[in-house]
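Just below is one structure, and these are the notes that go with it.
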Amino acid sequence: MKSLIMIIIGSALISNVVLNQFLGICSFLGVSKQMKASISLGAAVIFVITIASAVASLLYDNVLKPLGMDFMKTIIFILVIAALVQIVEMFLKKKSPAVYQALGIYLPLITTNCAVLGVALNNVKDGFNFIESVASGFGTALGYTIAIVLLAGIRSRINEKDLPAPLRGAPIVMIAAALMSIAFMGFGGLNI
Amino acid sequence: MKKYWERLFNGLLKENPVLVLMLGMCPALAVSTQAANGIGMGLSTLAVLVLSNLVISILRKVIPDQVRLPAYIVIVASLVTVTELLIKAYLPDIYEALGIYIPLIVVNCIILGRAEAYANKHTPLLSVMDGIGMGLGFTAALTLAGAIRELLGSGKIFGAQILPEGFGMTIFIQPPGAFLVFALIIAVMNAIGIKTRQRKLVESGCDGNCSLCATAGSCETKPAADAAAGGAVKAAAEKPAEKADPKAAENKAEGGAAK
Chain U
1 MKSLIMIIIG SALISNVVLN QFLGICSFLG VSKQMKASIS LGAAVIFVIT IASAVASLLY
61 DNVLKPLGMD FMKTIIFILV IAALVQIVEM FLKKKSPAVY QALGIYLPLI TTNCAVLGVA
121 LNNVKDGFNF IESVASGFGT ALGYTIAIVL LAGIRSRINE KDLPAPLRGA PIVMIAAALM
181 SIAFMGFGGL NI
Chain G
193 MKKYWERLFN GLLKENPVLV LMLGMCPALA VSTQAANGIG MGLSTLAVLV LSNLVISILR
253 KVIPDQVRLP AYIVIVASLV TVTELLIKAY LPDIYEALGI YIPLIVVNCI ILGRAEAYAN
313 KHTPLLSVMD GIGMGLGFTA ALTLAGAIRE LLGSGKIFGA QILPEGFGMT IFIQPPGAFL
373 VFALIIAVMN AIGIKTRQRK LVESGCDGNC SLCATAGSCE TKPAADAAAG GAVKAAAEKP
433 AEKADPKAAE NKAEGGAAK
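Protein sequences appear in the order of chains U and G. For the first sequence, my numbering assigns the number 1 to the initial residue and increments by one for each residue that follows. For the second sequence, my numbering assigns the number 193 to the initial residue and increments by one for each residue that follows.
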């Protein structure tokens with residue numbers, strides 16, 4: 001149990017997926033313009049990454065490894081993730097329209113979020129079992145949500161400021177991300 | 193002949209994938225800790241990009257429109273796996289340094305972006321040149337950022353000591369340095385005025401890119417929704433025409449080049 005909590009905290013804060021491993025930068029910079037959208041995307045990412053790491057882990061342990069098809073993992077994982085996002089989308093649309101409405105267009109966008117594939121591949125690399133993979137997936141997605149919601153908050157302040165022209169747009173957002181990243185390095189001192 | 197060269201230079205500077213189009217930021221930020229890593233990642237991506245552009249361009253009349261994105265993903269994933277195995281076999285040092293970012297070339301926006309925006313409507317030769325141009329632009333951006341980070345972080349470039357021994361602001365080799373260096377490079381490019389239509393499109397973040405990205409089909413609501421929602425925030429800067437579909441912009445650029 002303790003090791004699971006360690007995995008979650010480790011992947012959410014210490015090696016934060018966006019600020020430390022640079023996965024999912026595209027949506028991190030793109031969607032963080034609005035707080036509401038960031039929260040929806042964060043929720044969708046938690047949902048999809050947790051399920052995707054569970055499925056990828058099952059598939060790897062039970063199909064790919066016994067067959068010695070380790071090298072096929074990239075192809076299999078990306079197809080599984082794409083299919084999974086489609087299935088989740090259809091399921092939610094039918095079974096819980098409220099959630100579907102809230103997540104809206106962010107759900108299909110997640111296929112191209114490299115954090116999903118990155119977590120699946122990292123879990124395999126770290127030799128995590130099924131439960132550990134789910135914990136690491138959940139922790140990673142939680143870290144993504146924390147980072148994007150924080151950045152959205154910062155950006156709502158930046159928008160009101162009169163910046164030098166060359167810094168407007170992407171550069172100032174990345175400088176804000178750099179400062180967040182420095183702050184998150186502090187978690188490296190956590191002794192768990 | 194001229195249009196082939198135009199493709200090459202287009203990717204290097206005018207539409208540099210990282211610095212202007214802001215595609216493929218994840219690997220760019222992650223592996224640019226050293227100039228050598230930047231070159232390794234850049235050339236791996238270039239190889240995949242050229243081959244995927246070639247294959248997709250050859251198959252562009254065979255692949256049915258409805259299933260083109262899954263088909264592209266399978267093509268790209270296969271090419272990436274081949275590249276990964278080759279690097280693992282022949283360049284184990286680079287493989288160690290780049291790690292998980294080699295398989296992640298699959299989800300690099302540049303690759304599917306070029307497939308969707310360019311390779312599926314142009315001849316194989318032009319597509320290959322486009323791939324080389326974009327790949328070189330990506331490599332150049334990564335190497336530049338890698339060199340800056342390596343110089344500031346450890347006083348070296350390509351492992352050769354440039355600044356006095358003991359100099360080094362470690363922060364530049366660590367994750368925050370990646371954000372800082374790229375922010376400053378892009379700010380400098382803004383300052384010297386390298387701005388294109390695409391740039392303005394992309395300033396709204398991923399929105400422009402993602403419709404170029406893998407889920408373009410399901411993405412179609414995105415720019416519209418964004419224009420509605422984000423319009424209030426930054427309506428001043430953008431004309432509606434520039435907010436148009438990236439593909440339209442691409443076509444326009446093509447038209448201009450042909451003339």
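Where a beta carbon is used, it is the ideal one built from N, C-alpha and C, also for glycine.
Any C-beta of chain U under 7 Å from that of residue 213 of chain G: Locating residue 213 of chain G in the second sequence gives position 21, where the first residue counts as 1. No - not a single Cβ of chain U is within 7 Å of the one on residue 213 of chain G.
Amino acids of chain U, ordered along the chain, whose beta-carbon sits closer than 8 Å to that of residue 378 of chain G: Stepping through the second sequence from its first residue, residue 378 of chain G is reached at position 186. What residue 378 of chain G touches in chain U: 170, 171 and 174.
Pair within 7 Å by beta-carbon distance, residue 340 of chain G and residue 373 of chain G: Counting from one through the second sequence, the residue named residue 340 of chain G turns up at place 148. Counting from one through the second sequence, the residue named residue 373 of chain G turns up at place 181. Contact flag set, yes.
Under 7 Å (Cβ pairs) to chain U, residues found in the region 280 to 298 of chain G: 292, 295, 296 and 298
Chain-ordered chain G contacts of residue 40 of chain U [CB-CB under 8 Å]: Locating residue 40 of chain U in the first sequence gives position 40, where the first residue counts as 1. Residues of chain G passing the Cβ test: none, with the nearest at roughly 12 Å.
Residues of its chain near residue 27 of chain U, where Cβ-Cβ distance is below 6 Å and the 5 sequence neighbours each way are ignored: Taking the first residue of the first sequence as 1, we reach residue 27 of chain U at position 27. Excluding residues within five positions, the ones whose Cβ falls inside 6 Å are 113.
Opening and closing residue of the alpha helix (DSSP H) in which residue 370 of chain G lies: On the second sequence, position 178 is the one that residue 370 of chain G refers to. Element bounds for residue 370 of chain G: 367 to 383.
Separation of residue 330 of chain G from residue 320 of chain G, as counted between CA atoms: Counted from its first residue, the second sequence places residue 320 of chain G at position 128. Counted from its first residue, the second sequence places residue 330 of chain G at position 138. Going by the C-alpha atoms only, they are around 15 Å apart.
Beta-carbon contacts of residue 84 of chain U that lie in its chain and below 8 Å, excluding the five residues immediately before and after: Position 84 of the first sequence, counted from the start, is the residue given in the question as residue 84 of chain U. Cβ neighbours of residue 84 of chain U beyond the five flanking positions: 48, 51, 52 and 55.
Residues in the region 354 to 369 of chain G having any Cβ partner in chain U nearer than 9 Å: 363, 366, 367, 368 and 369
With 16 other Cβ atoms within 10 Å as the buried cut-off, status of residue 123 of chain U: To locate residue 123 of chain U, count along the first sequence from 1; it is residue 123. It is buried - the Cβ of residue 123 of chain U has at least 16 other Cβ atoms within 10 Å.
Burial state of residue 161 of chain U, where buried means 16 or more other Cβ atoms lie within 10 Å: Taking the first residue of the first sequence as position 1, residue 161 of chain U is located at position 161. Burial call: exposed.
Proximity winner among G:225, G:197, G:202 and G:208, relative to residue 346 of chain G (alpha-carbon distances): On the second sequence, position 154 is the one that residue 346 of chain G refers to. Nearest option by C-alpha distance: G:225.
Cutoff 7 Å; reference residue 150 of chain U; Cβ partners in own chain excluding five residues on either side: The residue you call residue 150 of chain U lines up with position 150 of the first sequence. Cβ neighbours of residue 150 of chain U beyond the five flanking positions: 180.
C-beta contact flag for residue 378 of chain G and residue 211 of chain G at 7 Å: Locating residue 378 of chain G in the second sequence gives position 186, where the first residue counts as 1. Locating residue 211 of chain G in the second sequence gives position 19, where the first residue counts as 1. Cβ distance < 7 Å, so residue 378 of chain G and residue 211 of chain G count as in contact.
Contact under 7 Å by Cβ, residue 147 of chain U with residue 19 of chain U: As a working mapping, residue 147 of chain U is identified with position 147 in the first sequence. As a working mapping, residue 19 of chain U is identified with position 19 in the first sequence. Yes, they are a contact pair.
Contacting residues, own chain, Cβ-Cβ under 7 Å from residue 353 of chain G (five flanking each side not counted): Walking along the second sequence from the start, residue 353 of chain G turns up at place 161. Once the five neighbours on either side are set aside, the close Cβ partners of residue 353 of chain G are 347.
Chain U within 7 Å of residue 203 of chain G, Cβ atoms only: Translated into the one-based positions of the second sequence, residue 203 of chain G becomes position 11. So, not an interface residue.
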